[in-house]
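*Asks:*
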Amino acid sequence: MLRFFRSNQLFVVFGLTVYAVILHLQAFLAPLSLPVQKGGWLSLGILEMLSGFHPVVSPMLALILVLLQAIYINFLVTKYRISWETTFLPAMMYVLLCSAVPEFLLLTPALLAQTFLIVALGEMLGFYRSMEASGNVFNVGFWIGIAALFYCPASLFLAFGFIGLGILRAFNLREILVMLMGYIAPLFLMLVYRFWFYSELSVFPDLPHIMIFDFIKIKSVYSWIYLGIFAFLCIWVLINIQALFYKTKMAQKKYLTVLYWMLVVAFGTILFQPTWHLGHLILMVIPLGILWGLYFLRIRELFAELFHLILFLGILLLQYRHFIFLQ
């Protein structure tokens, strides 16, 4: 299967769509009754509007959004030549990991915020070859701010923005302030809007808190299984990051380092949530999908196929566990 996605032909997009439908099918076969994820004002408005529609609308929109995100991520990988081959493997891995947890199969605040984090990543990758990147720097902060209005914990990616700025460009206090202003701009507009129409000074209805002690309260075995899977995927790819640096150019090394730190920051955001929710893990999928897609290009094809098959079947088994084990 991986050989099919290693191609760069346009028909692979159709195969990617079929692949995504198979992974999201469970959400259409049986309505998912899952805890609601707290979100920002923008996501609350969208989800409230969709609440009056048929239950199938949420997973349908989530499927379409994931596909569009995957195609755009693959476009960025190709445009900035992060991969040494033109391939759809990053898009495939993004779709696979965006289906790993049942909470990912619905339209959630974190999934909506993810869209703008991907756009922010695209703006950041444009830093490296630009002599004057003030516009890109502002846009990174701006899109992270928009993502935060959908899901407040996305604000923590501002730290990733500063780190990426330091990796791709020489230290410049002016550019740090420009990024910070970009982040503040949408928050200020939301503050003005809430005060004008609702007479309240509120930007984030979903302020996170430190979740360190909340993990003790997690009783679901499946929650720990999903946490274990994502922890393993993160640790494995970070340990083997040097394999991705092998015979790469300086620009590729810098882009891979940016993705490395994006994954570290995303992993850290697990400790900062409004309430514990598995859907939060999707914020780790952007760097994970790209790095694992590239990692599959570096290792032996047989091992890559075997690992993908185990992960693919494992995700389907966990999705359909209620049908298989009749629970």
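First residue of the sequence shown: 2, per the numbering used here; consecutive thereafter. We treat Cβ as the ideally placed atom computed from N, Cα and C, and that holds for glycine. Note that the structure is predicted; figures quoted are calculated from it, not measured.
1. Kindly list the residues whose CB is nearer than 8 Å to the CB of phenylalanine 163, restricted to its own chain and excluding five residues on each side of it in sequence; keep chain order.
2. Can you check whether the C-beta of glycine 162 is within less than 8 Å of a C-beta belonging to chain D?
3. Reducing DSSP to helix, strand and coil, say where phenylalanine 5 ends up.
4. Of all the alpha helix (DSSP H) runs that stay within the bounds of the stretch 30-76, which reach a length of 4 or more residues?
5. Between isoleucine 168 and the rest of its own chain, which residues show a CB-CB distance below 8 Å, the 5 nearest in sequence each way excluded?
6. Taking the beta carbon of valine 22 as the centre, do at least 16 other beta carbons fall within 10 Å, making it buried, or is it exposed?
7. State the DSSP-derived secondary structure class of serine 84, mapped to helix, strand or coil.
8. Less than 8 Å between the beta carbons of leucine 106 and proline 60, yes or no?
9. Work out the CA separation of glycine 269 and phenylalanine 161 for me, nearest whole Å.
10. Just list the alpha helix (DSSP H) runs in the stretch 93-171, keeping only unbroken ones of 4 residues or longer that don't cross its boundaries, in chain order.
11. Please classify leucine 319: does DSSP put it in a helix, a strand, or coil?
12. Inspect the beta-carbon positions of alanine 121 and valine 141 and report whether they are closer than 8 Å.
13. Only counting the same chain, and skipping five residues up and downstream in sequence, which positions put a Cβ closer than 6 Å to that of alanine 149?
14. I need the DSSP call for proline 91, collapsed to helix, strand or coil.
15. Assuming isoleucine 329 and isoleucine 283 are in contact, meaning their beta carbons sit under 8 Å apart, how far apart are those beta carbons, in whole angstroms?
16. Please report the residue range of the alpha helix (DSSP H) in which leucine 228 lies.
17. To the nearest angstrom, report how far apart tryptophan 197 and isoleucine 145 are at their CA atoms.
18. Using the Cβ count rule (16 or more neighbours within 10 Å means buried), how would you classify threonine 109?
19. Nearest CA to the CA of arginine 130: which residue from Ala252, Leu66, Leu112?
20. Starting from valine 295, follow the alpha helix (DSSP H) in both directions and report where the run begins and ends.
21. What span of residues does the alpha helix (DSSP H) with glutamate 176 cover, start to end?
22. Rounded to whole angstroms, what is the Cα-Cα separation between leucine 318 and isoleucine 185?
23. Give a yes or no on whether the C-beta atoms belonging to valine 102 and tyrosine 20 are separated by under 8 Å.
24. Among Ile72, Leu303, Leu126, Gly315, whose alpha-carbon lies nearest the alpha-carbon of phenylalanine 12?
25. Helix, strand or coil for tyrosine 247? Go by DSSP, reduced to three states.
26. What do you reckon, are the CB atoms on leucine 298 and threonine 88 nearer than 8 Å?
27. For leucine 314, which three-state DSSP category applies?
28. Since leucine 289 and leucine 69 are thought to touch, with beta carbons under 8 Å apart, how far apart are those beta carbons, to the nearest angstrom?
*Replies:* Quick answer:
1. Mapped onto the sequence shown, residue 163 falls at position 162. Counting only Cβ-Cβ distances below 8 Å, and skipping sequence neighbours, we find Ile177, Met180.
2. Given the protein chain composition of this structure (a single chain), no chain D is represented.
3. The count along the sequence shown starts at 1 and reaches residue 5 at position 4. Three-state DSSP puts phenylalanine 5 in a helix.
4. 42-51
5. In the sequence shown, the residue the question calls residue 168 occupies position 167. Closer than 8 Å at the Cβ level, and outside the excluded window around isoleucine 168, lie Lys255, Thr258, Val259, Trp262.
6. Working through the sequence shown from its first residue, we reach residue 22 at position 21. Looking at its Cβ environment, which holds fewer than 16 other Cβ atoms inside 10 Å, valine 22 is exposed.
7. What you label residue 84 is simply residue 83 of the sequence shown in a count that begins at 1. Coil, per DSSP.
8. By one-based count along the sequence shown, residue 106 stands at place 105. By one-based count along the sequence shown, residue 60 stands at place 59. Yes, these two residues count as a Cβ contact at 8 Å.
9. As a first step, residue 161 is located in the sequence shown; it is residue number 160 there, counting from the start. As a first step, residue 269 is located in the sequence shown; it is residue number 268 there, counting from the start. Looking at the two C-alpha atoms, the distance is approximately 11 Å.
10. 110-126, 135-151, 158-169
11. In the sequence shown, counting from the first residue as 1, residue 319 sits at position 318. Helix.
12. Taking the first residue of the sequence shown as 1, we reach residue 121 at position 120. Taking the first residue of the sequence shown as 1, we reach residue 141 at position 140. In this structure, valine 141 lies closer than 8 Å to alanine 121 by Cβ.
13. Numbered from its first residue, the sequence shown carries residue 149 at position 148. The residues are Ala155, Ser156.
14. Residue numbering aside, residue 91 sits at position 90 when the sequence shown is read from its first letter. Here proline 91 sits in helix by DSSP.
15. Lying before the first or after the last residue shown, residue 329 is absent from the chain, which here runs from 2 to 328.
16. Walking along the sequence shown from the start, residue 228 turns up at place 227. Unbroken alpha helix (DSSP H) run through leucine 228: 222-240.
17. The residue labelled residue 197 in the question sits at position 196 within the sequence shown. The residue labelled residue 145 in the question sits at position 144 within the sequence shown. Roughly 24 Å separates the two Cα atoms.
18. Numbered from 1 along the sequence shown, position 108 holds the residue referred to as residue 109. Buried is the call here.
19. As a working note, residue 130 is residue 129 in the sequence shown. Checking every option, the nearest Cα to that of arginine 130 belongs to Ala252.
20. What you label residue 295 is simply residue 294 of the sequence shown in a count that begins at 1. Per the sequence presented here, residue 295 reads as leucine, with valine not at that position. That run of the alpha helix (DSSP H) goes 286-299.
21. Against the sequence shown, residue 176 aligns to sequence position 175. Where glutamate 176 is concerned, the enclosing alpha helix (DSSP H) stretches over 174-199.
22. In the sequence shown, counting from the first residue as 1, residue 318 sits at position 317. In the sequence shown, counting from the first residue as 1, residue 185 sits at position 184. Whole-angstrom Cα-Cα distance: 43 Å.
23. By 1-based counting over the sequence shown, the position of residue 102 is 101. By 1-based counting over the sequence shown, the position of residue 20 is 19. Taking 8 Å as the Cβ cut-off, valine 102 and tyrosine 20 do not qualify as a contacting pair.
24. In the sequence shown, counting from the first residue as 1, residue 12 sits at position 11. The option with the nearest alpha carbon to phenylalanine 12 is Ile72.
25. In the sequence shown, residue 247 corresponds to position 246, counting from 1. Looking at tyrosine 247 - three-state DSSP - the assignment turns out to be coil, as it is neither helix nor strand.
26. Reading the sequence shown from its first residue, position 297 is the one you call residue 298. Reading the sequence shown from its first residue, position 87 is the one you call residue 88. Yes; because the gap between Cβ atoms is below 8 Å, this pair is in contact.
27. The count along the sequence shown starts at 1 and reaches residue 314 at position 313. Helix.
28. The residue labelled residue 289 in the question sits at position 288 within the sequence shown. The residue labelled residue 69 in the question sits at position 68 within the sequence shown. Between leucine 69 and leucine 289 the Cβ distance is about 18 Å, and since that is not below 8 Å, they are no contact.
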